[in-house]
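Novice:
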Amino acid sequence: MKSLWLKKDIIENFPELKENLESEICIIGGGIFGISTAHYLCKYGYKVVLIERDELASKVTGHTTAKITSQHGLIYHYLLNQYGKDFAKKYYEANQKAIENIEKIINTNNIECDFKKQTSNIYTTNKSEIQKIEEEIKALNELNIKAKKIEESPLPFKIISSIEFENQAQFNPIKYIKGLVKTIKENNGLIFENTTCYDIKKEKNSYICYTKNNKIKTKYVIIATQYPFVNFPGIYFAKMYQSSSYVIGLDTKTDLFNGMYINIQSPIYSFRTAFDEGKEILLIGGLDHKTGENIDYKNSYGLLEEKAKIWYPSCEIKYRWSTRDCITLDKIPYIGEFSNMLPNIYVGTGFNKWGMTSSNIAARIITDKITEKENEYEYIFKATRINPIVNKDEVKNMISQTTKSLVMERIKENSKENIDDIKEETGKIIEIRGEKVGVYKDIDGKIFAVKPVCTHLGCILNWNDADKTWDCPCHGSRFDYKGKNINNPAIKDLEKIKI
Ligand code: FES
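This is the structure we're talking about:
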């Protein structure tokens, strides 16, 4: 089932790059961050080429819940304690400004994208979490951020407490991208789809971006691939992980409510309304887990559907989709210079599930860097920062998971099952001729066999039975059952095995 946003071909298609090019700026990645940056830079008259390895906005941007908000969980108590008042306040202002920027782009360019001002609420149904709400309210008061404590909601269950931000928003991200693409074309920007960048090399004062058969010579490079595909320098793979989550869209057969909602703690449930052919439906998202963990339908979409049927007994499930987000260890996105060793290469990543505002902040900061304007929020998001890692548990988890997948899984005894033991529409790693082989059997019994070793840094993959993909537990790369790479940081497909 496609996501609600991608069910129709709203954005036009662009050709594959088939010649060598020279440009001032090469943007690698056609999601909301890459396209927003192209929008701004083209407006300033720069010569911009944007390349996307699939179709524009077909990955995270096409699978988001598209909430545009500065309410990022209970982040302000954390920021105030860790980084102080000025920092926390600037983080808030940067995100509020991003909401205003998005609205301005929509109004100036007459983009019809179901943009709607909403309140955003973070709630709890659990008495033990009241203290956290109180701490956040205290931090918000200290920062002079307008917020209300509310103890009721229109949700189909009782909440105990919540914090409401006004002047937040929601939209249809694909219709918004369509509008931005129009402005890029009007300002002579070039866009190519189905064009993968495999390498970037420095050549005197320029960079060369290599695609399969061609190259782009450019002064500036912007890596907008959600998870950077360049490993060194930068080592972003050691500074963040990917988190998977699920969304269902349902016709509740009831009247719906205003406002966007999310709860505090795992399992996460997030709510917003959206338009489907003019009719309002409800999107329920959540159930996050680290990408690459073994997962099945029952514990992902199945759980959301079960809840939906309890809350809205007559509902009809119309959409199901999943997404991945890059999560940074200090909860702040990485935006700006990719590495101190590579001038004029910029990055925006680690948006921590709040990619609608973060992508605009990133687009503004990088545009200001290139146009040599000061940006008062740049220091907050500096991608080359070396901060003490606050979240030591996350670091430990990352290291132990990577060691397990790189070393232990390789030497673990192979499953004694054979191909006949694998059920239809299921995948498994089994031993064939003494080697580990990832085997998927489709509904007709057809076999697809791959080497289950991630083409990023060599971790052993896990089968994801919810989405029928091979997922990497180390840094979250994903491959379809035929072995085609569908999510970074890996960029190469899996080796196919003949059996
Ligand atoms: Fe890094 Fe797989 S994503 S090893």
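6 is the number of the first residue of the sequence shown in the working numbering; add one for each residue after it.
All residues carry an ideal CB built from backbone N, CA and C; glycine is no exception.
Small disclaimer: the values here were computed from a predicted structure and weren't measured.
If I measure Cβ to Cβ from Val442 and keep anything under 8 angstroms in the same chain, skipping five residues before and after, which residues do I get?
Specialist: The residues are Ile434, Ile435, Glu436, Ala454, Val455, Lys456, Pro457, Ile502 and Ile504.
Novice: Please find out if some non-hydrogen atom of the ligand HEM comes closer than 7 angstroms to the beta-carbon of Pro233.
Specialist: No copy of the ligand HEM appears in this structure; the ligands present are the ligand FES.
Novice: Are the beta-carbon atoms belonging to Leu185 and Ile40 less than 8 angstroms from one another?
Specialist: yes
Novice: Taking 5 angstroms as the limit, tell me which residues put their C-beta closer than that to any heavy atom of the ligand FES, in chain order.
Specialist: Cys459, His461, Leu462, Cys464, Cys477, Cys479, His480 and Ser482
Novice: Who are the near neighbours of Leu195 in its chain, counting only those whose CB is closer than 8 angstroms to its CB and skipping five residues on each side?
Specialist: Leu26, Ser28, Val53, Val54 and Leu55
Novice: Inspect the CB distances between the segment 159 to 171 and the segment 119 to 130 and report whether three or more fall short of 8 angstroms.
Specialist: yes
Novice: Report buried or exposed for Arg438, applying the criterion of at least 16 other Cβ atoms within 10 angstroms of its Cβ.
Specialist: exposed
Novice: Check each candidate in Val252, Cys320, Phe170 and Asn467 and name the one with the smallest Cα separation from Tyr274.
Specialist: Val252
Novice: Decide if the segment 213 to 222 is in contact with the segment 257 to 270; the criterion is three or more beta carbon pairs, one per stretch, under 8 angstroms apart.
Specialist: Cβ pair count under 8 angstroms is below three, so no.
Novice: The alpha helix (DSSP H) spanning Lys187 covers which residue range?
Specialist: Pro178 to Glu191
Novice: If we require 4 or more residues per run, which alpha helix (DSSP H) segments fall completely within the segment 120 to 175?
Specialist: 135 to 147
Novice: Using the Cα positions of Lys244 and Trp10, report the straight-line distance between them to the nearest angstrom.
Specialist: 30 angstroms
Novice: Using a 10 Å radius around the Cβ and a threshold of 16 neighbouring Cβ atoms, would you call Glu198 buried or exposed?
Specialist: buried
Novice: CA-CA distance, Ser63 and Tyr203?
Specialist: 19 angstroms
Novice: For Asn493 versus Thr230, is the C-beta distance shorter than 8 angstroms?
Specialist: yes
Novice: Taking the Cβ atom as the reference point for each residue, do Thr259 and Tyr317 lie within a distance shorter than 8 angstroms?
Specialist: yes
Novice: Helix, strand or coil, according to DSSP, for Lys359 in the structure here?
Specialist: For clarity, residue 359 is Trp in the given sequence; the question names Lys instead. Coil at Trp359, not helix or strand.
Novice: Going straight from the alpha carbon of Lys121 to that of Gly450, what length do you get?
Specialist: 47 angstroms
Novice: From what residue to what residue does the beta strand (DSSP E) around Glu422 run?
Specialist: Run containing Glu422: none; DSSP gives neither H nor E here.
Novice: Give every residue of the same chain whose Cβ lies closer than 7 angstroms to the Cβ of Leu79, excluding the five residues on either side of it in the sequence, and list them in chain order.
Specialist: Ile127, Lys137, Glu141 and Ile269
Novice: Check whether the segment 463 to 482 touches the segment 280 to 293, counting contact only when three or more Cβ pairs, one atom from each stretch, lie closer than 8 angstroms.
Specialist: no
Novice: Quick one: what's got a C-beta closer than 7 angstroms to Leu46's C-beta in the same chain, skipping five residues either side?
Specialist: Ile30, Val53, Thr372 and Ile375
Novice: As a quick exercise: from Gln76, Phe92, Lys12 and Tyr83, pick the residue whose alpha carbon is nearest that of Gly67.
Specialist: Lys12
Novice: In the DSSP assignment, the beta strand (DSSP E) including Lys222 goes from what residue to what residue?
Specialist: Lys220 to Ile228
Novice: Just checking my contact of Gln76 with Gln173 at CB under 8 angstroms: how many whole Å lie between their CB atoms?
Specialist: 7 angstroms
Novice: If we ignore side chains and look at the alpha-carbon of each, how far apart do Asp119 and Lys180 end up?
Specialist: 8 angstroms
Novice: Would you report the Cα separation of Ala368 and Gln247, rounded to the nearest angstrom?
Specialist: Taking the straight line from one Cα to the other gives about 22 angstroms.
Novice: Measuring only the C-alpha atoms, how far is Tyr232 from Met346?
Specialist: 19 angstroms
Novice: Got a sec, what are the start and stop residues for the alpha helix (DSSP H) Gln87 sits in?
Specialist: Ile80 to Tyr88
Novice: Beta-carbon within less than 7 angstroms of Cys331's beta-carbon, same chain only, minus the 5 sequence neighbours each way: which residues are those?
Specialist: Gln231, Tyr232, Met245, Gln247, Thr354, Gly355 and Phe356
Novice: Which residue's Cα is closest to the Cα of Cys477: Ser249, Lys336, Asp335 and Phe280?
Specialist: Ser249
Novice: Secondary structure at Phe280, three-state DSSP: helix, strand or coil?
Specialist: strand
Novice: Just checking my contact of Tyr83 with Lys336 at CB under 8 angstroms: how many whole Å lie between their CB atoms?
Specialist: Indeed, because the Cβ distance is near 7 angstroms, the residues count as touching under 8 angstroms.
Novice: Tell me the DSSP bridge mates of Phe242?
Specialist: DSSP, once it has assigned bridges, lists no residue as partnering Phe242.
Novice: Would the beta-carbon of Leu160 fall within 8 angstroms of that of Lys90?
Specialist: no
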